[in-house]
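Step one of this worksheet: look at the structure below.
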Amino acid sequence: DAKTTQPNSMESNEEEPVHLPCNHSTISGTDYIHWYRQLPSQGPEYVIHGLTSNVNNRMASLAIAEDRKSSTLILHRATLRDAAVYYCIAGGGSQGNLIFGKGTKLSVKP
Amino acid sequence: NAGVTQTPKFQVLKTGQSMTLQCAQDMNHNSMYWYRQDPGMGLRLIYYSASEGTTDKGEVPNGYNVSRLNKREFSLRLESAAPSQTSVYFCATAFGSVFQPQHFGDGTRLSIL
Numbered sequence: 007d008a009k010t011t012q013p014n015s016m017e018s019n020e021e022e023p024v025h026l027p028c029n030h031s032t033i034s035g036t037d038y039i040h041w042y043r044q045l046p047s048q049g050p051e052y053v054i055h056g057l058t059s060n061v062n063n064r065m066a067s068l069a070i071a072e073d074r075k076s077s078t079l080i081l082h083r084a085t086l087r088d089a090a091v092y093y094c095i096a097g098g099g100s101q102g103n104l105i106f107g108k109g110t111k112l113s114v115k116p
Numbered sequence: 061n062a063g064v065t066q067t068p069k070f071q072v073l074k075t076g077q078s079m080t081l082q083c084a085q086d087m088n089h090n091s092m093y094w095y096r097q098d099p100g101m102g103l104r105l106i107y108y109s110a111s112e113g114t115t116d117k118g119e120v121p122n123g124y125n126v127s128r129l130n131k132r133e134f135s136l137r138l139e140s141a142a143p144s145q146t147s148v149y150f151c152a153t154a155f156g157s158v159f160q161p162q163h164f165g166d167g168t169r170l171s172i173l
C-alpha cells in the first residue's frame with residue numbers, strides 16, 4: 007500500500023463545489039485509489055474508486071493526475087450532509103483490506 | 061447502512077469478561093472483515109475471512125478470535141477483555157477479496173472498565 011497525505015481539515019460553503027486533495031507519490035502501477043467517508047457515529051461509506059482514468063458516479067467525481075501521484079475528490083455541490091471525514095486510500099493490505107489514515111475532516115457551512 | 065448489521069450497538073464490560081460481537085450481511089458477499097477504530101485514528105484490520113470456513117489474522121489480532129459461521133455471519137470474540145480493547149468495532153463486507161468496494165456496518169462501541 008502507498009502512503010497518502012491529506013489535509014487535516016477543510017471548510018466549504020453549502021451548494022459550492024469542494025475539491026479534496028490527496029497525495030500518494032509512492033503508489034504502484036496496480037494500486038487502485040479509493041475514497042471513503044465517515045459521517046459522525048457511522049461506519050465508513052464507499053464513495054468512489056479508480057485506477058487511471060477520471061471516474062464519476064452519483065456521489066462524486068475522482069480526478070487522477072496523469073502520473074497518478076495525486077488525486078482529487080470532487081463534490082459538485084456540497085450539502086450539510088456531506089460534512090464528514092474523507093479518507094483517501096491508495097492500494098491496500100495483502101488481504102484486500104483497506105488501510106485508513108486520518109483523513110480530511112470536511113465542514114460545510116450553511 | 062442497509063445490508064450489514066452489527067449487534068450490539070453499545071456494550072460496557074469489566075476487565076476479564078468475555079463477549080461476542082455479531083455481524084450479519086444480506087448482500088451475498090464473500091469477504092468479511094473486522095476492524096477497530098480508536099479515537100482520532102483510522103481503522104485497523106483485526107481479522108479477515110475470504111469465504112465461509114476461512115479466516116486470517118490482520119494487523120491487530122491479539123486478544124481476539126473469530127468465527128465465520130456461514131456466508132452471512134462473521135463473529136468477533138473477546139475471551140478476556142482488557143481496557144486496551146476499548147474501541148469502536150466495525151464489520152465490513154465485499155463481494156471479492158481484491159479491493160472491491162467495502163460496505164460497513166454502523167459499529168459496536170465497546171468500553172472496558
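Heads up: the sequence lines are chains A and E, in that order. The opening residue of the first sequence carries number 7 in our numbering; numbering runs sequentially from there. The opening residue of the second sequence carries number 61 in our numbering; numbering runs sequentially from there. Positions of the beta carbon are idealized from the N, C-alpha and C atoms, including for glycine.
- Here Asp88 of chain A carries a helix assignment [DSSP, helix/strand/coil].
- DSSP lists no bridge partner for Pro68 of chain E.
- Apart from sequence neighbours up to five positions away, the residues of its chain that approach Thr146 of chain E with a beta-carbon distance below 7 Å are Leu170, Ser171, Ile172, ordered along the chain.
- Checking the DSSP bridge columns, you'll see Val61 of chain A partnered with A:Leu68.
- Here Gln82 of chain E is near Ser135 of chain E, since their CB atoms are less than 8 Å apart.
- Residues of chain A with a Cβ closer than 8 Å to the Cβ of Leu103 of chain E are, in chain order, Pro50, Leu104, Phe106.
- No Cβ of chain A is located within less than 8 Å of the beta carbon of His89 of chain E.
- Collapsing the DSSP output to three states places Gln82 of chain E in a strand.
- Around Tyr124 of chain E, no beta-carbon contact reaches into chain A at under 7 Å, the shortest distance being about 15 Å.
- Arg64 of chain A and Ser113 of chain A have their C-alpha atoms spaced approximately 21 Å apart.
- Cα atoms of Gly63 of chain E and Thr168 of chain E: separation of roughly 16 Å, rounded to the nearest angstrom.
- Residues of the stretch 25-39 of chain A with a C-beta atom less than 7 Å from some C-beta of chain E are Tyr38, listed in chain order.
- Here the stretch 64-81 of chain E does not lie against the stretch 69-81 of chain A, with fewer than 3 beta-carbon pairs under 8 Å apart.
- As the crow flies, the alpha-carbon of Ser140 of chain E is around 7 Å from that of Gly123 of chain E.
- By the criterion of a C-beta distance shorter than 7 Å, Ala71 of chain A is surrounded in its chain by Ser77, once the five residues flanking it on both sides are discounted.
- For Gln101 of chain A, the three-state secondary structure derived from DSSP is coil.
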